[in-house]
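Engineer: The sequence shown finishes on residue 866 if you use the working numbering, and the numbering steps up by one all the way, no holes.
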Amino acid sequence: MSTPNVFWFIPTHGDSRYLGTSKGARPVDADYTRQIAVAADTLGYDGVLLPTGRSCEDAWVVASSLIHATRKLKFLVAIRPGLSTPGLSVRMASTFDRLSNGRLLINVVTGGDQAELEADGVFADHETRYEISDEFIRIWRAALAGEGGDEGYHFSGKHLTVKGARTLYPPVQKPYPPLYFGGSSDAAHELAAEQMDVYLTWGEPPAAVAAKIADIRARAAKHGRTVKFGIRLHVIVRETNEEAWAAADKLISHLDDATIAKAQAAFAKMDSVGQRRMAALHGGRRDKLEVSPNLWAGVGLVRGGAGTALVGDPETVAARMREYQDLGIETFILSGYPHLEESYRFAELVFPLLGKGKEHGEHSITGPFGEVMAVDILPKKVA
Ligand SMILES: Cc1cc2nc3c(=O)[nH]c(=O)nc-3n(C[C@H](O)[C@H](O)[C@H](O)COP(=O)(O)O)c2cc1C
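(1) Quick check on DSSP: helix, strand or coil for F834?
(2) Might you give, ordered along the chain, the residues of its own chain that have their beta carbon closer than 7 Å to the beta carbon of A522, omitting 5 neighbours on each side?
(3) Between L683 and ligand 1, is the CB less than 7 Å from at least one heavy atom?
(4) Using a threshold of 8 Å, state whether the C-beta atoms of G713 and V681 are closer than that.
(5) Under a Cβ-count criterion, where at least 16 other Cβ atoms within 10 Å of its own Cβ denotes burial, should S505 be classed as buried or exposed?
(6) For P658, collect the residues of the same chain with a Cβ closer than 8 Å to its Cβ; drop the 5 residues on either side in sequence, then sort them by chain order.
(7) State yes or no: is the C-beta of V718 within less than 8 Å of the C-beta of V782?
(8) Using the C-alpha atoms, what's the distance from G790 back to L817?
(9) Which same chain residues end up closer than 6 Å to A746 when comparing Cβ atoms and leaving out the 5 residues on each side of it in sequence?
(10) Cα separation between L600 and T553?
(11) Determine the DSSP secondary structure at P564, reduced to helix, strand or coil.
(12) Consult DSSP for S755 and reduce its assignment to one of helix, strand or coil.
(13) Report the option in I696, A729, E798 whose CA atom is closest to the CA atom of V833.
(14) When you compare each of V544, K557, Q597 to G565 by their alpha carbons, which one comes out closest?
(15) Taking the alpha-carbon positions, what's the R649 to I615 distance?
(16) Select from L836, F852, K864, L533 the residue whose C-alpha is nearest the C-alpha of P487.
(17) Using DSSP with H/G/I as helix, E/B as strand and the rest coil, what is H496?
(18) If you count every other CB in all the chains shown that lies within 10 Å of the CB of A780, and 16 or more means buried, which is it?
(19) My understanding is that Y652 touches T578, with C-beta atoms under 8 Å, so please give their C-beta distance in whole angstroms.
(20) Cβ of G604 within 7 Å of any heavy atom in ligand 1?
(21) If you follow the beta strand (DSSP E) that N584 is part of, which residue opens it and which one closes it?
(22) Could you tell me which uninterrupted alpha helix (DSSP H) segments, each at least 4 residues in length, are contained entirely in the segment 493 to 552, listed from first to last along the chain?
(23) Report the CB separation of R586 from L556 in whole angstroms; it is logged as a contact under 8 Å.
(24) Where do the ends of the beta strand (DSSP E) carrying I719 lie?
(25) Looking at ligand 1, does it come within less than 7 Å of A590, judged from the CB to the closest heavy atom?
(26) If we ignore side chains and look at the alpha-carbon of each, how far apart do G844 and Y807 end up?
(27) Across which residues does DSSP place M856 in a beta bridge pair?
(28) Could you have a look at T799 and say whether DSSP puts it in helix, strand or coil?
(29) Smallest Cα separation from M804: which of V720, G766, M575?
(30) Measure the alpha-carbon distance for H672 versus P688 and round it to whole angstroms.
(31) Where DSSP assigns a beta bridge to Y682, which residues make up the other side?
(32) Which whole-angstrom value is the C-beta distance of A744 and G767, which I expect to be below 8 Å?
(33) Using C-beta distances below 7 Å, list every residue in its chain close to I550, excluding the 5 sequence neighbours before and after it, in chain order.
(34) Taking 7 Å as the cut-off, is the CB of S755 close to at least one heavy atom of ligand 1?
(35) Taking Cβ positions, are M753 and G595 nearer each other than 8 Å?
(36) Closer than 7 Å to a non-hydrogen atom of ligand 1 - does that hold for the CB of P487?
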């Protein structure tokens, strides 16, 4: 089986050891985001996702601060159509792509929380937001691809109009940095099929993911296109299955029912179909969290968005990932609490099973592996 792309996550909305509490939490500042980015880069992760929204530090500013700390790592950074003009977004993307020498990936986020969007000045409803996203991305792609030549690209739509849109500083990646996108509504699937390069789903059970992939493939075929697929999951991997499940329980061991109820009530107010699907997996109950073998919905009791984790020993986690690969998933966007330690743990325990990180081993480490004992005794090799 082919080697998957594996991304990690920059937790710009905070990091913790025990969900829903400040116990063992740590500040997420410039040093910490840099430590995670450097870890991801040197361990051999292909990229990192930076979330966007009112609960996060700004994704573009944080990603920019990490360009020079890293060498190969790609940055999956969100644009929210409607929050900026297409022209500004085009310029930010081309500049970032140039400064990072082609390491920008775009996550198109239409948004699913009306209250959050209204606070940002966006009053469009779900359907209208998707119409705006459709027009925005049309303009964005055309301007970056240089359509319209020196005169620039003209567009007059229902919501957006531009005259002579172009960038004098073209992006490194042609025709433009790849477009990733998540959304579970009909409108989202249609937009993905018509304009996106990679469709992302949160970690739903394999059967549900298979159905989404089939739907998007069928819609894309009508446009004469193909779309690639990725999945966003947390991961709790330990040397044994018992340890992994104990770690999952520990993660929510200080979480009280009132906090869960408060978070679920907030999710219920959102118009995001994807969020609704995540919440439906556990229904706010903490007694039925293994929603499919080794897929645990405990994170979603309080965390918005990605709410499920793969739980198990390295072989089990790798096998579950291969199941998703069999369905057509090529990219895994993973994370674990705390993000720095877990980036190492996942890479050390699971990368060898995925055929990843070899380059790191060959070039960066010549051995000895482990601590040298009693002056000159090398560590014993143990598989
Ligand atoms: C992998 C992935 C990452 C996402 N990242 C964000 C994000 O950073 N900020 C955000 O507000 N929404 C994010 N979303 C949510 C979607 O962009 C979309 O706004 C939401 O699912 C509502 O669309 P829907 O009703 O079509 O599901 C993400 C979705 C997925 C699948």
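Virtual Cβ for every residue (Gly too), placed ideally from N, Cα, C. Nothing here was measured: the structure is a model prediction, and the numbers come from that model.
Structural biologist: In short:
(1) helix
(2) L823, S826, Y827
(3) yes
(4) yes
(5) Residue environment: S505 is assigned as exposed (fewer than 16 neighbouring CB atoms within 10 Å of its CB, all protein chains considered).
(6) R624, L627, A628, G629
(7) no
(8) 11 Å
(9) V785
(10) 32 Å
(11) strand
(12) Of the three classes helix, strand and coil, the one that applies to S755 here is coil, per DSSP.
(13) Per the Cα distances, E798.
(14) Q597
(15) 19 Å
(16) L836
(17) coil
(18) buried
(19) Contact flag correct, Cβ pair sits at about 7 Å.
(20) no
(21) Taken as a continuous stretch (DSSP letters only), N584 belongs to no beta strand (DSSP E), as it is neither H nor E.
(22) 513 to 526, 542 to 549, all fully within the segment 493 to 552.
(23) Between the beta-carbon of R586 and that of L556 there is about 7 Å, and that keeps the pair under the 8 Å contact cut.
(24) 711 to 720
(25) Note on identity: in this sequence residue 590 is Asn, with Ala being the wrong assignment. Correct: N590 has its Cβ closer than 7 Å to ligand 1.
(26) Because the pLDDT at G844 is just 47, under 50, the model does not fix this residue reliably, and the value given afterwards should be weighed accordingly. Distance between the alpha carbons of G844 and Y807: 26 Å.
(27) I860
(28) helix
(29) V720
(30) 18 Å
(31) F664, F712
(32) The Cβ separation is near 7 Å, so the contact holds.
(33) Excluding sequence positions up to five before and after I550, its CB lies within less than 7 Å of the CB of L582, S583, all in the same chain and listed in chain order.
(34) yes
(35) yes
(36) no
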